[in-house]
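Single-structure report; data block below.
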C-alpha cells in the first residue's frame with residue numbers, strides 16, 4: 053500500500069496563516085538569574101514569573117515570602133503590589149522541588165505526632181498508666197525533629213556578594229532589529 057502525501061498550495065497557505073497568527077500571541081518571559089561559583093564550578097539558578105521568592109532586604113532581619121508578578125528594569129514586582137530593587141537584596145532563599153525529601157518530611161512529622169497520639173489513646177483504652185512514657189516522647193520528638201530538619205534542608209539560601217551576582221535577563225527577541 054503506497055500512500056503519497058501531496059502538499060498543495062492551499063495546505064501550505066493554511067499552515068502559514070496558522071503560524072503567523074500564533075506567532076503574534078507568543079511572548080517572552082523575563083528570568084531572574086543568580087550566578088555564583090562553588091568549589092570552582094559555576095552554579096546558575098533561574099526564577100521566573102509566578103515563582104515564590106523568599107528574600108531579605110539589606111538592614112532587615114526577617115525574610116519576606118512573595119510571588120513574583122513581573123521582572124523589569126532591575127526591579128522585582130510582586131503580586132501584592134510591592135516592589136524591591138535588586139540592589140537592595142541581601143539574601144535570597146527558595147525551595148528546591150525534590151519530591152522525595154518533601155515526602156519523607158511529611159511522613160516523619162505525621163509519624164511523630166501519630167505515634168504519640170496512638171500510644172496515648174491505646175493507653176486510655178487499655179487503662180495503662182502512665183499515659184506518657186519517656187521513651188514514647190523521645191521517639192516521637194525525634195521523628196518530628198527529623199521532619200523539621202528535612203524541611204530546613206529543602207531550602208537553598210544564597211547571600212548576595214561580589215562573587216555572587218544576580219541579573220535580570222529579558223529574552224525578548226522581537227526588538228533585535230530596532231535601532232533604539
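Residue numbers (our numbering): 53 to 232.
Glycine is no exception: its CB is placed at the ideal position from the N, C-alpha and C atoms.
Everything numeric in this text was worked out from a predicted model, so none of it was measured.
Q) When you compare only the Cα positions, how much space is there between residue 212 and residue 194? A) 34 Å
(Q) Check this for me: beta carbons of residue 104 and residue 140, under 9 Å apart or not? (A) no
**Q.** Paired residues, beta bridge with residue 146 - DSSP
**A.** 208
Q. Leaving out five residues before and five after residue 207 in sequence, what residues of the same chain have Cβ atoms less than 6 Å from its Cβ?
A. 145 and 147
Q.
Judging by CA-CA distance, which residue of 107, 124, 125 and 126 is the nearest neighbour of residue 117?
A. 107
Q | Alpha-carbon spacing of residue 152 relative to residue 202, whole angstroms | A | 10 Å
Q: Would you mind listing the beta strand (DSSP E) stretches within the region 132–207 that are 3+ residues and don't spill past its ends, in chain order?
A: 135–137 and 141–147
Q. Should the region 166–182 be called in touch with the region 126–141, which here means at least 3 C-beta pairs below 8 Å?
A. no
**Q.** Option in 127, 89 and 102 with minimal Cα separation from residue 121
**A.** 102
**Q.** Option nearest residue 85 by Cα separation, candidates 123, 190 and 157
**A.** 123
Q) Assuming residue 188 contacts residue 168 under a Cβ cut-off of 8 Å, what Cβ separation, rounded to an integer in Å, is found between them? A) 6 Å
Q: Leaving aside the five residues before and after residue 216 along the sequence, list all residues of the same chain whose C-beta is less than 8 Å from its C-beta, in chain order.
A: 86, 87, 88 and 210
(Q) Would you say the beta carbon of residue 150 is closer than 8 Å to some non-hydrogen atom of the ligand ATP? (A) Summarising the ligand content, the structure contains no ligands, and the ligand ATP is consequently not present.
Q) In or out: residue 92 buried (at least 16 other Cβ within 10 Å) or exposed? A) exposed
Q: Within 10 angstroms of the Cβ of residue 183, are there 16 or more other Cβ atoms? Answer buried if so, exposed if not.
A: exposed
Q) If you follow the beta strand (DSSP E) that residue 96 is part of, which residue opens it and which one closes it? A) 93–99
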